[in-house]
Amino acid sequence: MTTQKNTDDRIALLQGTLDLLILKTLVFGPCHGQGVARSIQRQSEEVFFVDHGSLYLALQRLEDKKWITAKWGVSRNNRKARFYSLTSKGREQLLEKTSEWERLTRAMGLVLSGSAAPNNEEV
Amino acid sequence: MFSRKRSVEDFAAEIKAHLELEADELQDDGLNEDEAHRNARVAFGNAPAAEERFRPRNRVPWIDNLLRDISFSLRQIVRNPGFAIVVIVTLALGIGASTSIFSVADAVLLRPLPYPNPQQIVRVWEKMPNGHQPNLAESNFEDFLTQNHTFASLAAYDYGLASVSGGTEPARVNVSSVSSGFFPAFGVQPFRGRLFTADEQRPHGTPAIVVSYGYWQRYLGSTTELSKFHLDLEGGSYPVIGVMPPGFDFPSDVSAWISRELDPPSPSRTGHNWRGIGRLRDGATVAQAQANLGAIAHRIRNQYGTQVDLNDAVVVPLSDAVVGNVRTALVTLLCAVGLLLLVACANVAGLLVARTSARRKELAIRAALGAGRGRLIQQFLAESFALSLAAGLLGILMAAAGVRVLPVILPADLPRQQGISINPAVLLFALAASVVVAAALGLFAAWRAGGPDLQNALSAGSRGHTGPRSNQRLRSLLVIGEIATTLVILVGAGLLGRSFFQLISTSPGFRTESLVTMEFSLPVPLDWKVDDLATERQVHLLDQIVMRLRALPGATSVGLAGGLPVAQGDNLPDGGFLILNGHNPPADYDEFGKMAQNQAITGHALYAVTSQDYFSTLGIPLMAGRNFGDQDTINSTHVALISQALARQRWPGQNPIGQTIEFGNMDGNLKPLTIIGIVGDVRASGLDAPPASVIYVNYRQRGMQQNSTPTILMRTTAPNGQIDSAARVIFHNLAPDVPVKFSTYAMELGGWLAERRFLLLLVSLFALAALLLAAVGLYGVVAFFVTLRTQEIGVRMAIGAQRSDVLRLVLGEAARMASFGLIIGIVASLAITRLLSSLLFGVSATDPLTFVGVAALLSIVALAASWVPAYRAMRVDPVSALRYE
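So the protein lines, in turn, are chains A and B.
Position 37, counted from 1, in the first sequence is what the numbering used here calls 37; the numbers after and before it change by one each time, with no gaps.
All you need for the numbering used here is the position in the second sequence, starting with 1, plus 123.
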């Protein structure tokens, strides 16, 4: 998965995070790809930019793993669209990945905020 | 993946939906429609790229890759046509030659005979205690027929040339006399008309004749009314009752079949006059049949003791019997052509190694970009398949041309050669050969490319192009292999060539040049009854013909014989005779048989009917005694001449002149013969046989029998055609119904040599092609050696090396490869040429002269091939060489 670099303050998605974001988005109910992309961008207060090509490949990958299912339906404004919804397997994965992510961010936070005291002493 | 695969179209539809949804939202945000669509597309990024990335998820990747590899290979071929052409032509040469030879082997050896359940059809022989396998004697055959329990049908047959008239013109053709089991043994129904009825298969029954498809077309005008035709055959008249289908050709080249049972049986247990053929009962094996007949033979032996000469029987599948000794020749050819294909492959492998070196950078980049080993192998296979299949196609075209040319050089007596064609089996062979070659070469190239040094190629800079020396070593090994293989083929060709020249320089015992031959037939009754009256009639006619021929301008002398010596090979009649030594001649053949039990008074010799002038015409010298003369008439003492070989063998240290012998078993005339002279030796049974023991009898006394092929031999100073037309008129006037075959002795002898000439020609051709390929391969390696070492050579010359030193360096390298190849080749040849032994004459399979000569030839060719690059190395300019990269 590649991320697209922009000159503004958008942050490129870390590898492996897109899957988690997609799963999280789908917790609120079935949604089509464009909706998922919009939702991620809005939820992140426009910080994350989702490369659409990568998004659809990620959706396909999740579908292949049977974490989500898809079927063609009609959107609110009467457009044909492919709607994705979470499977029970997907829900389990979401819980697991979320806790994994939280442990990661907590650890990152500890390292970054807990002032590198020992190093400072030596200098 | 168990779920149904999504199609690319579905994916594209989803992206389209996305763009529309995005545009809708943008419009809601206040953009106009166009702007909304544009922005949606911009926001999405590269939609086709996304689709492209989706694609591989959805396909079987290796097919995709394969298609890409093939198109890549084709582009490579187009970009570098020289390489491709050399490879394709080299491989096509090998594949084409193998396919041509395979088409012959397929028709002659492999394809089943064109009869129902052909594996059940067998030939049958008696077997003597000394291992000889004679044909069947009439009474023994009757016992085999009535007592066996393993044959569905068993038949006796014989065949010979006969004059047949009653068709559109008289013809001298092969006619076969067959017993009632013959056609059932083959299980073939006539194409038109019917086969013999019971009434046509009993003594003194109704005569009838079945003709071949070829005879029916040529001499009966493909008539639908067979009943219109009665064929006259050796004094009898036979109504045509049936026509066999086109594929039925047994015995080979026979035009008509008559029933054997029309003639009353002539019981004998030692007259091996009948060939045996039969069809096994369902479920019976060849071994069982042989044991069955062997037991019957044993019973006969027990019952009659030494009055019979058999004690066993031999049963051989017809397919094996038909092919006979041709198998060795064909297997030799297949081996030679296989070796040629091997040399061609080695040559191409050498080219591939060189090219892989040149492509190392490209390959390294591909590997660096993530091409796995499998992908690289696949790419090489795609390339070698493209090249090999193109070569296979070209090879098939070459084989198709070859198959058209082959009949010209094929020996006329090669069995089943009408079936030689490019058929599915042959195409399959060509395809299989191409695929095997492609796989071998592709894997070989991939193995080379995957070597550990590939990774260094990128960092090796510009010098990386020349490749490591290990490649050069590998190419040297390939060339050594090529030289060794070529040597094997060359030795084979050399041995066959030496045999051939040994043969044709062997004197048959007389002068063969400017000798015209006229083969004809006389009406001889089939039942061995040439009585004195018939003989006198014959003699009268023959004398007239000879007298008129002798009067022709250009005719030096004219002889008459009952067969052509040497050229007819082992077709001359032979048999045992009795030395009477004061004994009374036997009164009948039973007594003859009893007397023949006494080894002390028997001998074995060829039987030749000749005229007085036969010896002077051929130039066979009279060594002792006198020749036939006018005093020898049918009523005077019957006389004989014998060959020196017989005199040496049967009367060592004695004078055979004046001895009386009994040879009536050959011509049905029990009048004893008195030996009156000894003549020079003739290799009558063939140039490859020792001088024959021959008993010559006078045609004026014995007449021409059924076992003779009356032939006039004329020594002439006139051009051929002139004699032919004049002689034709004489025959036409004196004997209008007698067909005559005009030829020259040289041509008849050529026919006898045809099989050897064919084998020699083809093996030599293959050897020549292999030699060329090996020379090209050696040239390539030596040239590359020089390229690799240009710098080194420059340095050497800069510090004072002479040009001759450089020459020695390069030629030394070539000589090293050549001598390795020669040594390996000689060792291999010593093992392999043994298989040729049965095809050789007057030269051993390990003939030192051939080995030395072939090694010398290969050395000279190797030297010549390396001379050009060596010369170039010698001219290297040290200054530019040092700058050379």
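We treat Cβ as the ideally placed atom computed from N, Cα and C, and that holds for glycine.
All values derive from a computational prediction rather than experimental measurement.
Problem - Rounded C-alpha distance that separates residue 711 of chain B from residue 654 of chain B - result: 16 angstroms
Exercise for the section: Taking residue 65 of chain A as the query, report the chain B residues whose CB atoms sit under 8 angstroms from its CB, ordered along the chain. Expected result: Per Cβ cutoff of 8 angstroms: no residues; residue 65 of chain A is ~10 angstroms from chain B at best.
Problem - Best match in A:64, A:65, A:81 for proximity to residue 72 of chain A [C-alpha to C-alpha] - result: A:81
Problem - Under 8 angstroms between C-beta atoms of residue 553 of chain B and residue 248 of chain B - result: no
Handout entry: DSSP-derived helix/strand/coil call for residue 362 of chain B
Key = strand
Handout entry: Distance, residue 83 of chain A Cα to residue 40 of chain A Cα
Key = 16 angstroms
Handout entry: Pairwise C-alpha distance: residue 718 of chain B and residue 432 of chain B
Key = 14 angstroms
Problem - the stretch 283 to 290 of chain B / the stretch 346 to 357 of chain B touching (three or more Cβ pairs under 8 angstroms) - result: yes
Exercise for the section: Note down, in chain order, every chain B residue with its Cβ under 7 angstroms from the Cβ of residue 81 of chain A. Expected result: 140, 144
Exercise for the section: Examine chain C for any beta-carbon lying closer than 8 angstroms to the beta-carbon of residue 569 of chain B, and answer yes or no. Expected result: The chain labelled as chain C is not found among the protein chains of the depicted structure, namely A and B.
Exercise for the section: Step through the CB atoms of chain A and report whether any lies within less than 8 angstroms of the CB of residue 542 of chain B. Expected result: no
Exercise for the section: Can you give me the Cβ contacts of residue 751 of chain B inside the same chain, cut-off strictly under 6 angstroms, excluding the 5 residues immediately before and after it? Expected result: 735, 821
Problem - Under the three-state DSSP convention, the category residue 684 of chain B falls into - result: strand
Exercise for the section: Leaving out five residues on either side along the sequence, give the residues of the same chain with a beta carbon under 6 angstroms from the beta carbon of residue 326 of chain B. Expected result: 387
Practice task
May I have the straight-line CA-CA distance separating residue 256 of chain B from residue 211 of chain B, to the nearest angstrom?
Solution key: 51 angstroms
Exercise for the section: Leaving aside the five residues before and after residue 634 of chain B along the sequence, list all residues of the same chain whose C-beta is less than 6 angstroms from its C-beta, in chain order. Expected result: 742
Practice task
Spell out whether any CB of chain A is found under 8 angstroms from the CB atom of residue 173 of chain B.
Solution key: yes
Exercise for the section: Starting from residue 425 of chain B, trace the alpha helix (DSSP H) both ways and give me its first and last residue. Expected result: 409 to 427
Problem - residue 162 of chain B: contacting residues in chain A (beta-carbon distance under 9 angstroms) - result: Ordered by position in chain A, no residue passes the 9 angstroms Cβ test against residue 162 of chain B, which lies about 13 angstroms from the chain.
Handout entry: Rounded Cβ spacing between residue 834 of chain B and residue 686 of chain B (contact assumed at less than 8 angstroms)
Key = 6 angstroms
Exercise for the section: Output the distance between the C-alpha atoms of residue 443 of chain B and residue 244 of chain B, rounded to the nearest integer angstrom. Expected result: 10 angstroms
Exercise for the section: Can you have a look at residue 790 of chain B and say buried or exposed, based on whether 16 or more other CB atoms are within 10 angstroms of its CB? Expected result: buried
Exercise for the section: Let me know if residue 532 of chain B comes out buried or exposed under the rule of 16 or more other beta-carbons within 10 Å of its beta-carbon. Expected result: exposed
Problem - residue 80 of chain A in three-state terms, based on DSSP - result: strand
Practice task
Express the C-alpha separation of residue 934 of chain B and residue 971 of chain B in angstroms, rounding to a whole number.
Solution key: 27 angstroms
Problem - Ordered list of alpha helix (DSSP H) runs contained in the stretch 215 to 285 of chain B, each at least 4 residues - result: 261 to 270
Problem - Alpha-carbon to alpha-carbon, residue 362 of chain B and residue 385 of chain B - result: 14 angstroms
Practice task
Locate the beta strand (DSSP E) running through residue 838 of chain B, then write down its first and last residues.
Solution key: 834 to 839
Problem - Spatial neighbours of residue 908 of chain B in its chain, beta-carbon cut-off 6 angstroms, leaving aside the 5 residues before and after - result: 936
Practice task
Report the partner residues of residue 643 of chain B according to the DSSP bridge assignment.
Solution key: B:863
Problem - Continuous beta strand (DSSP E) stretch holding residue 697 of chain B: start and end - result: 697 to 702
Practice task
Look at residue 561 of chain B and residue 630 of chain B and say whether their C-beta atoms are less than 8 angstroms apart.
Solution key: no
Handout entry: Given 8 angstroms, three or more beta-carbon pairs between the stretch 896 to 904 of chain B and the stretch 544 to 551 of chain B
Key = no
Problem - Buried/exposed call for residue 332 of chain B, threshold 16 Cβ in 10 Å - result: buried
Exercise for the section: Mind listing the chain A neighbours of residue 169 of chain B? Cutoff is C-beta to C-beta under 7 angstroms, in chain order. Expected result: 53
Handout entry: residue 962 of chain B in three-state terms, based on DSSP
Key = helix
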